[in-house]
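Engineer: Using the working numbering, the first residue of the sequence shown is number 73, and each one after it goes up by one.
This structure is in structure tokens; I'll ask about it shortly.
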Amino acid sequence: MQELIANFDFYMLLLLFVAAFVAGFIDSIAGGGGMITIPALLLAGISPLQALATNKLQSSFGSFSATLQFYKKGYINLKSGLPFAVIAFVFSAVGTISVQYIEVEFLSKVLPFLILIFGLYFLFSPSIKEVEQTKKLNRAYLSLAIAALGFYDGFFGPGTGSFFMLALIVIGGFNVIQSLGQAKLYNFSTNLASLIFFALGGHMLWSIGLLMALGQFIGANLGSKMAMRYGIRIVKPLVVGISFLMAAKLLYEQF
73 MQELIANFDF
83 YMLLLLFVAA
93 FVAGFIDSIA
103 GGGGMITIPA
113 LLLAGISPLQ
123 ALATNKLQSS
133 FGSFSATLQF
143 YKKGYINLKS
153 GLPFAVIAFV
163 FSAVGTISVQ
173 YIEVEFLSKV
183 LPFLILIFGL
193 YFLFSPSIKE
203 VEQTKKLNRA
213 YLSLAIAALG
223 FYDGFFGPGT
233 GSFFMLALIV
243 IGGFNVIQSL
253 GQAKLYNFST
263 NLASLIFFAL
273 GGHMLWSIGL
283 LMALGQFIGA
293 NLGSKMAMRY
303 GIRIVKPLVV
313 GISFLMAAKL
323 LYEQF
């Protein structure tokens, strides 16, 4: 489906760029960037399906930017992480195809409570640390978790990055910055899979998505640098705060 960027006035384009920048910054630290960009796309008068597709395009650039920064600083081990990224990609593709045929209403009702539980866990759990834990990585359990979250991101999506972090901390014993870096790699993989299948479906608004992608890339670059510089001091408050805001927003929309 074709669209011209000229159909949008300057201020709407600026709004979309700024929304993508802010979302990229926040998402690279705490997840939840889609809670900013999808409403912005809908506000611009874009249909829900086009908004979801275009959001995947711009968010792919954000997750790639964050992944690149964490990799450069040594927080991502590609040798051990790539097999999980492949799993995430495959199951995200399956989820993206499945969402066209399966009712998602149940997930939308349960999601706020899952995000709230995640926020409370991050706030009170003693396992959220700066240093890596000594527990041995259980690859089988982590593979199952990555597969489930990959499917979820392709199928529905909100909060996926946060859930990736939780799985890596609880199952893998990663510290908070390592889990954030690895989560970005897996999130980029799931975004890429969804992007491909949405593009094949012809629902992408390419010029709008690429404009927002620039904002996402810059915001995620800055956010990931902040996360690595300040560590748990900035990551933990933002994760908890964004989780509670996401849960409140979703509950408000339902009731």
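Where a beta carbon is used, it is the ideal one built from N, C-alpha and C, also for glycine.
Everything numeric in this text was worked out from a predicted model, so none of it was measured.
Cutting at 8 Å between CB atoms, please list the residues of its own chain near T206, excluding the five before and the five after it.
Structural biologist: Taking the first residue of the sequence shown as 1, we reach residue 206 at position 134. In this predicted model, T206 has a pLDDT of only 49, less than 50, meaning its place in the structure is not dependable; the value taken from the coordinates is given anyway. For T206, where only same-chain residues beyond five positions count, the Cβ hits under 8 Å are G245.
Engineer: Rounded C-beta distance between M298 and I101? I'm assuming under 8 Å.
Structural biologist: Sequence index remark: in the sequence shown, residue 298 carries index 226 (1-based). Sequence index remark: in the sequence shown, residue 101 carries index 29 (1-based). Contact flag correct, Cβ pair sits at about 7 Å.
Engineer: Cα separation between V203 and N247?
Structural biologist: Counted from its first residue, the sequence shown places residue 203 at position 131. Counted from its first residue, the sequence shown places residue 247 at position 175. With a pLDDT of only 49 at V203, under 50, the local geometry of the prediction cannot be trusted, and the value read off the model is given with reservation. If you take the alpha carbons of V203 and N247, they lie about 5 Å apart.
Engineer: Between G104 and I314, how many whole angstroms is the CB-CB distance? I'm expecting something under 8 Å.
Structural biologist: Sequence index remark: in the sequence shown, residue 104 carries index 32 (1-based). Sequence index remark: in the sequence shown, residue 314 carries index 242 (1-based). Their Cβ separation, rounded to whole angstroms, is 4 Å, which keeps G104 and I314 in contact under 8 Å.
Engineer: Can you list the alpha helix (DSSP H) stretches of 4 or more residues lying completely in the stretch 261-308, in chain order?
Structural biologist: Complete alpha helix (DSSP H) runs here, min 4: 278-302.
Engineer: Within the continuous alpha helix (DSSP H) that includes F133, where are the two ends?
Structural biologist: On the sequence shown, residue 133 is found 61 positions in, with the first residue counted as 1. Note, F133: alpha helix (DSSP H), P120 to K144.
Engineer: With a cut-off of 8 Å on the beta carbons, I'd call G26 and A165 a contact; round off their distance for me.
Structural biologist: Because the chain here runs from 73 to 327, residue 26 falls outside it and cannot be looked at.
Engineer: Report yes if the CB atom of I159 is closer than 8 Å to the CB atom of N210, and no otherwise.
Structural biologist: On the sequence shown, residue 159 is found 87 positions in, with the first residue counted as 1. On the sequence shown, residue 210 is found 138 positions in, with the first residue counted as 1. Contact flag unset, no.
Engineer: G167 and Y258 - do their beta-carbons sit closer together than 8 Å?
Structural biologist: Along the sequence shown, one-based indexing puts residue 258 at 186. Along the sequence shown, one-based indexing puts residue 167 at 95. No. Outside cutoff.
Engineer: Thinking C-alpha only, which one of L282, V311 and Y83 is nearest K128?
Structural biologist: Numbered from 1 along the sequence shown, position 56 holds the residue referred to as residue 128. Nearest C-alpha to K128: L282.
Engineer: So the alpha helix (DSSP H) D225 belongs to, where does it begin and stop?
Structural biologist: Here residue 225 refers to the residue found at position 153 of the sequence shown. Here the alpha helix (DSSP H) through D225 covers R211 to F227.
Engineer: Can you list, in chain order, the residues of its chain with a C-beta nearer than 6 Å to that of G291? Leave out the 5 residues immediately preceding and following it.
Structural biologist: For the purposes of this step, residue 291 is taken as residue 219 along the sequence shown, with counting starting at 1. The answer, listed in chain order, is F93, G96 and F97.
Engineer: A239 and A217 - do their beta-carbons sit closer together than 8 Å?
Structural biologist: Within the sequence shown, residue 217 is the residue found at index 145, counting from 1. Within the sequence shown, residue 239 is the residue found at index 167, counting from 1. Yes; because the gap between Cβ atoms is below 8 Å, this pair is in contact.
Engineer: Give me the Cβ distance between G222 and F163, rounded to the nearest whole Å; I'm assuming they're in contact under 8 Å.
Structural biologist: Walking along the sequence shown from the start, residue 222 turns up at place 150. Walking along the sequence shown from the start, residue 163 turns up at place 91. Contact flag correct, Cβ pair sits at about 3 Å.
Engineer: Write down the C-beta distance between L87 and A112 rounded to the nearest angstrom, noting that I regard them as a contact closer than 8 Å.
Structural biologist: On the sequence shown, position 15 is the one that residue 87 refers to. On the sequence shown, position 40 is the one that residue 112 refers to. So it is a contact: roughly 6 Å between Cβ atoms.
Engineer: Could you check the C-alpha separation between M73 and G287 for me, to the nearest Å?
Structural biologist: For the purposes of this step, residue 73 is identified with residue 1 of the sequence shown, where counting begins at 1. For the purposes of this step, residue 287 is identified with residue 215 of the sequence shown, where counting begins at 1. With a pLDDT of only 42 at M73, under 50, the local geometry of the prediction cannot be trusted, and the value read off the model is given with reservation. Answer to the nearest angstrom: the Cα atoms are 23 Å apart.
Engineer: Within its chain, find whatever has a CB closer than 6 Å to the CB of F316; leave out the 5 residues flanking it on each side and keep chain order.
Structural biologist: As a position in the sequence shown, residue 316 is number 244, starting the count at 1. Result list for F316: G191, in chain order.
Engineer: So, at 8 Å on beta carbons, what are the nonlocal neighbours of A116 in its own chain, with the 5 sequence-adjacent residues on each side left out?
Structural biologist: Here the question's residue 116 lines up with position 44 in the sequence shown. Counting only Cβ-Cβ distances below 8 Å, and skipping sequence neighbours, we find F80, M84, L87, L88 and I280.
Engineer: Considering only their Cβ atoms, is the gap separating I118 from A319 smaller than 8 Å?
Structural biologist: The residue given as residue 319 occupies position 247 in the sequence shown. The residue given as residue 118 occupies position 46 in the sequence shown. Against a cut-off of 8 Å, the Cβ pair of I118 and A319 comes out as no contact.
Engineer: Counting only beta-carbon atoms, is M276 nearer than 8 Å to chain B?
Structural biologist: Absent from the structure is chain B; it holds one protein chain and no more.
Engineer: Which residue marks the beginning of the alpha helix (DSSP H) containing V171, and which one marks its end?
Structural biologist: Your numbering for residue 171 matches position 99 in the sequence shown. First-last for V171: undefined, no H or E at that position.
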